[in-house]
Amino acid sequence: MQRNSIWPLWICRGLLVGLGCLFSLPFFWMVSTSLKPLRETMKMPPVWLPLPPQWQNYPDAMAAMGPFWLYTANSFFLASLNVLGTVLSSALVAYGFSRLNWKGRDGLFFLLLMTMMIPFPVVMVPLFGLFRTLGWIGTMKPLWVPAFLAGAFNVFLLRQFFLALPRDLTEAARIDGCSEFRIFWQIILPLARPALLTVALFQFMATWNDFLGPLIFLAREEQYTLALGLQALQSTISGTPWHHLMAASTLVVLPVVILFFFTQKTFLRGIATSGLK
Amino acid sequence: MKYSPHPLLTSTVALILLGLGWQGCSAGKPKGQAPVVLEYWEKWTGFEREAMARLVDEFNSSQNRIFVRFLSVSRIDQKMMLATAGGVPPDVVGLWDVNLPSYAENNALLPLDRLAREAGLREKDYLPVFWKLCHYRGHQWALPSTPSVVALHWNKKMFREAGLDPERPPRTLAELESFNEKITRKNSDGSLAQIGHMPQEPGWWMPDFPSWFGGASWDGGPHLLLDSPSNRAFFQWLQSYPARFGGSELFKLRGGFGTFASPDNPFFQGKVAMILQGVWMDNFIRQYAPEGFSYGVAPFPESTPHPEAPLTIAQTDILVIPTGTRHPREAMEFISFVQQQKHMESLCMAQRKLSPLAKVSDDFYRRHPHPYLREFQRLSQSPRAQPTLCLPTMREYSNDLIIYSNLVLLGRMNGEQARREMAARQQKSLTAKLDRWERVSAVRTAVWDQELRP
Amino acid sequence: MTRKEKRSTLQGLLFIAPWMVGFLALNLYPFCASVWFSLCDYSVLSQQVYLGIRNFQNLIHDPVFWKALTNTLLFAAVSIPLSTIVSIGLAVLLNQPAGAQGFFRTLFFLPCLVPAISLAILWQWMLNGQMGLVNMALRPGLDFLNNLFGCTLRAPDWLNDPSWALWGLVLTGLWGTGQAMVIYLAGLQEIPAELYEAATLDGTSAWQRFLHVTLPMLSPVIFFNVLMGLIGALQTFAVPYILTGGGDGPGRSLLFLATYIYQNAFDFWNMGYASALALVLFLMIAILTLTAVHFGEKKVHYEGR
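Here the protein sequences line up with chains S, P and X, keeping their order. Terminal number for the first sequence in this note's numbering: 277, no gaps in between. Terminal number for the second sequence in this note's numbering: 1454, no gaps in between. Terminal number for the third sequence in this note's numbering: 2305, no gaps in between.
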């Protein structure tokens, strides 16, 4: 629906362009710094377009970080496992809370909602002890096994979606004698593909972005994610290598940005729905 | 209905199974006649790391029962604690002496009394101050690796330009201050161009500074000695700086200092003439100072001089064995290899530091690249060489000291008031900490005793 | 329960079994353990020593705790309203028929994708006192003001100045308002056009329409997002932790409650005290949520009520 603009069009356009520049400036600056030799990063007045661009900074930064490709592989490994676990378990649990009627269902769901109030710092110390007892510190298990145990937020999201699906489909299947699991797997899941995709995307971003989890639960350097590897680069005695840091930061941002550009519509729609409840 | 698996799902699952399998493989190691593999984490990088790497290679090739995997680890204190708490500790770790008390109390370290004795490492083989740094609450927790002591470093050119004899360092604090005033020069606008000495540069030993005024800050027990004459004198001395040079001018000058490890270091740039620094300073001078930079080393002046037994503060990097390692004996075997005079000297010489051992070979003196090694070694052998202050509440104490000393040096607070406030706060802190230790010591020391039982 | 009810309950439980296991292992057990630890002295490598409420007494007298709490609350109190205003403003701007909505929406949203580590490192560079972009942009403006009014304003050394560090962090947070903006934009697009048309016919100005149509219609969205934002702000950890290299920032101005909890747990290995601090955080969030829900029910307009 077209409405009249509250301001003259040129003001709107001007504001958009101005703010757009403001918001993209840090990105531009990050990439620009990553292509400068170190001395040039500190030149005043600032150099905007480094010529010639020091592409060498990128391999140098990767080398300075240590086993860069190992860290990347770890990050992807964790992200994929988390996505798989989250999608499967959240869908399963959301189905149980939405498409089935059973005694105690709503009470338990309320309990689930309550658990969303517990902040991570409260549970992180006992979890550390728990994982230690299980012998999981020193492995990556603390960072992906919990994904298979259905996080409250995703269950909530999927439940909303499942509730909106028409009842007749499942009723028909039930009358035919289908088991609930088959109904779940073959009717509901395919219908829920957009919602599942959203959950998958959110989980990928969340795992890729996760910092506190790896910080606490990863004890061996071979298992570090990119985030931890990048943090190690941050602290050096002889002045901070800004060009390397910016190069490495760009590399860490790249996968999520690329993923976003392929899944923009779903992603943005998912954010909107999650916020509008 | 026929079930046809989604291709994307299948491939993801396959990849994940692959990843899991690969993880599992790298975790397991073939057993049998293979040597015991020790993990040794060290904080060093660059040439310091190389020095130890050579020793590790030598150890590995000298026998085939033990293989040491040498890893350079950043934030080593944090990572070691995490790994130990998580139940997957390395076997040998290179820490700093300041970590010792809290790690011992937290049961992160194996008490080494018995192991060290069985390996033949005795007190008489070491300089007393470094042996002391490895002990805490009556037990031995570490062996020294590479030590350091501190001394006065002065810029000979700046002395000459101020009309002072470049070969004669100040011998008392009064002399230090008179030299300071001769060297300090102001710009036409009143700001400082250069200064002879300022306590904040580098300011790494603030908690130990009162010792140069004649006394300690802690009785080793429940009482801080911040009311002692030496501490009063120290704070008065701090206060004299803004009075003489201007608090904001001092800070403006300091704000313009470059990073320590660069040619912009104020000592190399001729902005500060006299500093208190450790034996490693020569390495940085070599690497970053301008051509022809000439400097001297002498004991840092005290309020009353003791030429026969000069005062210095000692620190050392240490080698420890975390609790929960599966090969403590083998770990100790490697550590005692490093402690042998021949190996220790080659390590310390390659890192251009002094040796912590009581006996020093002529070869060490002759081949050592540090121009002032004899001076540093002499300082470490002084009967008045002290371990660096190691309070249970060290973190809070040094944080407070930085804040209060900066306030006094800025001219914003009276020295006496700062001292009194800090004394009150820190005594409270220390008492609370010791009180806490009282309650938990039974449980903690029980673990020590258990680990010492054969 | 009848046999049929029993069967359906069993089936329901089977479906939610993953969550039940998770609830027991990851929520219930840790929460109860945390309460127990908060009453003890606990460093992982040895047994807990029961201390009663001593940790909580220490907490009340701990100036660092109060500093961390103040920082956290101050940050939340400033950044949430600010970012709400900015994101609503951006959403309104985007909602105007000025073209290229999709492009700009993506542009404003992109910063939210940046992982915390990259964000913190980038802004550490942006807020650098001498060479940071923020100060480079500020300096000409400040010089102009100095010349005009003869004052001596200087661009602050953000990350080293105790009075400015927190505001630097707020600035960093403002870069990430894109996510809320997307939500508000969707909310704006759901407002039926008839309401605006009716208001225009009544002769109201744009600002009045905004106040009396837009805001009330958006209020459930605003409410939900402000609540979520507050809960998130109270748990801020990653960005200040990385910015300060794991420390407190100048004069402890960047020490947040979550950072202090982490420090006590994994730097000082004072896990009993850390658990006590964490419980305080939990109580704050719980009280906040319950109060907000209670009040929100009254003040928020829902369409059709």
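Where a beta carbon is used, it is the ideal one built from N, C-alpha and C, also for glycine. Only a predicted model underlies this, so the values are computations on that prediction, with no experimental measurement involved.
(request) Between the Cα of S2190/X and those of A2076/X, Q2101/X and M2217/X, spot the shortest distance and give me the residue it belongs to. (result) Correcting the residue identity first, residue 2190/X is Glu in this sequence and not Ser. Nearest C-alpha to E2190/X: M2217/X.
(request) For P2157/X, I'd like the list of residues in its chain whose CB is within less than 6 Å of its CB, leaving aside the five on either flank, ordered along the chain. (result) Per the sequence presented here, residue 2157/X reads as Asp, with Pro not at that position. Closer than 6 Å at the Cβ level, and outside the excluded window around D2157/X, lie G2129.
(message) N209/S and A2068/X - do their beta-carbons sit closer together than 7 Å?
(response) no
(request) Tell me, please, whether the CB atom of D2041/X is closer than 7 Å to any CB atom in chain P? (result) yes
(message) Using a Cβ-Cβ cutoff of less than 6 Å, which residues in the same chain neighbour Q2179/X once the five nearest sequence positions on both sides are dropped?
(response) C2112.
(message) Just to confirm my understanding: we take Y1404/P, look at its own chain, exclude 5 residues before and 5 after, and list those with CB closer than 6 Å. What are they?
(response) A1418 and M1422
(request) Could you say which of A1085/P, G1094/P and V1092/P lies nearest to N1107/P if we only look at CA atoms? (result) The shortest Cα separation from N1107/P among A1085/P, G1094/P and V1092/P belongs to A1085/P.
(request) Could you name the residues of the stretch 2264-2298 of chain X whose beta carbon sits closer than 8 Å to any beta carbon of chain P, in the order they occur along the chain? (result) F2266, D2267, F2268 and W2269
(request) Pick out the complete alpha helix (DSSP H) segments inside the stretch 2229-2305 of chain X, 4 residues or longer, and give them in chain order. (result) The stretch 2229-2305 of chain X contains these whole alpha helix (DSSP H) runs: 2238-2243, 2257-2262 and 2271-2299.
(message) At 3 residues or longer, what runs of the beta strand (DSSP E) sit wholly inside the stretch 48-117 of chain S?
(response) Complete beta strand (DSSP E) runs here, min 3: none at all.
(message) Give me the subset of the stretch 1057-1088 of chain P whose CB atoms are less than 8 Å from a CB atom of chain S, sorted by chain position.
(response) Residues of the stretch 1057-1088 of chain P that bring their beta carbon within less than 8 Å of a beta carbon in chain S comprise L1071, V1073, S1074, R1075, K1079, L1082, A1083, A1085, G1086, G1087 and V1088, in sequence order.
(request) State the beta-bridge partners of M1274/P as determined by DSSP. (result) W1154/P
(request) Determine, using beta carbons only, whether T72/S and L201/S come nearer to each other than 7 Å. (result) no
(request) Please look up how many angstroms separate the CB atoms of L2119/X and F2104/X, rounded, as I've assumed it's under 8 Å. (result) The pair is not a contact, with the Cβ atoms about 21 Å apart (cut-off 8 Å).
(request) Can you grab the Cα-Cα spacing for the pair F153/S / V199/S, in whole Å? (result) 10 Å
(message) For C12/S and F1267/P, I'd like the C-alpha separation in whole angstroms.
(response) 56 Å
(request) Quickly, what does DSSP pair T1172/P with across the bridge? List them, please. (result) Beta-bridge pairing links T1172/P to E1302/P.
(request) Note down, in chain order, each residue of its chain lying with its Cβ closer than 6 Å to the Cβ of L112/S, except the 5 sequence neighbours on either side. (result) A152
(message) Rounded to the nearest angstrom, what separates A2165/X and W29/S at their Cα positions?
(response) 21 Å
(request) Using only alpha-carbon positions, find the residue among R1069/P, N1064/P, P1090/P and I1066/P that is nearest to I1076/P. (result) P1090/P
(message) What residue range does the alpha helix (DSSP H) around L22/S cover?
(response) Segment L9 to S34, the alpha helix (DSSP H) holding L22/S.
(request) Measure the Cβ-Cβ separation of N57/S and S34/S and say whether it is below 7 Å. (result) Yes, Cβ-Cβ distance for N57/S and S34/S is below 7 Å.
(message) On the CB-based measure, 16 or more other CB atoms within 10 Å of its CB, does V2030/X come out buried or exposed?
(response) The sequence given here places Pro at residue 2030/X; Val does not occur at that position. Per the 10 Å Cβ criterion, buried.
(request) Measure the Cβ-Cβ separation of S249/S and I2242/X and say whether it is below 7 Å. (result) no
(request) Indicate whether F2023/X and L92/S have their beta-carbon atoms separated by less than 7 Å. (result) no
(message) Assuming V2182/X is part of the alpha helix (DSSP H), what are its boundary residues?
(response) Note, V2182/X: alpha helix (DSSP H), G2178 to E2190.
(request) Can you pull the chain P residues whose beta carbon is under 8 Å from the beta carbon of Y138/S, in chain order? (result) Inspection of the sequence shows that residue 138/S is occupied by Gly rather than by Tyr. Below the 8 Å Cβ cutoff, chain P contributes A1083, G1086, G1087 and V1088 as neighbours of G138/S, in chain order.
(request) Spell out whether any CB of chain P is found under 7 Å from the CB atom of A150/S. (result) No, its Cβ sits nowhere closer than 7 Å to a Cβ of chain P.
(request) Give every residue of the same chain whose Cβ lies closer than 7 Å to the Cβ of N2146/X, excluding the five residues on either side of it in the sequence, and list them in chain order. (result) T2152 and L2153
(message) Can you look up P1242/P in the DSSP assignment and give me helix, strand or coil?
(response) Looking at P1242/P - three-state DSSP - the assignment turns out to be helix.
(request) Measure from the alpha carbon of L2045/X to the alpha carbon of each residue in A1314/P, M1080/P and M1281/P, then state which is nearest. (result) M1080/P
(message) Below 8 Å on the Cβ atoms is my contact criterion, and I expect L1164/P with K1186/P to pass it. Report the Cβ-Cβ distance as a whole number of Å.
(response) Not really, about 18 Å apart at Cβ, beyond 8 Å.
(message) Can you find the residues in the same chain that come closer than 7 Å, C-beta to C-beta, to P1101/P, ignoring five residues on each side of it along the sequence?
(response) Y1136, C1390 and P1392
(request) Give me the Cβ distance between G2168/X and L2127/X, rounded to the nearest whole Å; I'm assuming they're in contact under 8 Å. (result) 5 Å
(request) Just the chain X side, please: which residues come within less than 8 Å of N1283/P by C-beta, in chain order? (result) The contacting residues do not exist; N1283/P stays about 24 Å from chain X at best.
(request) Determine the direct distance from the alpha carbon of L251/S to that of F76/S, and round the result to whole angstroms. (result) 14 Å
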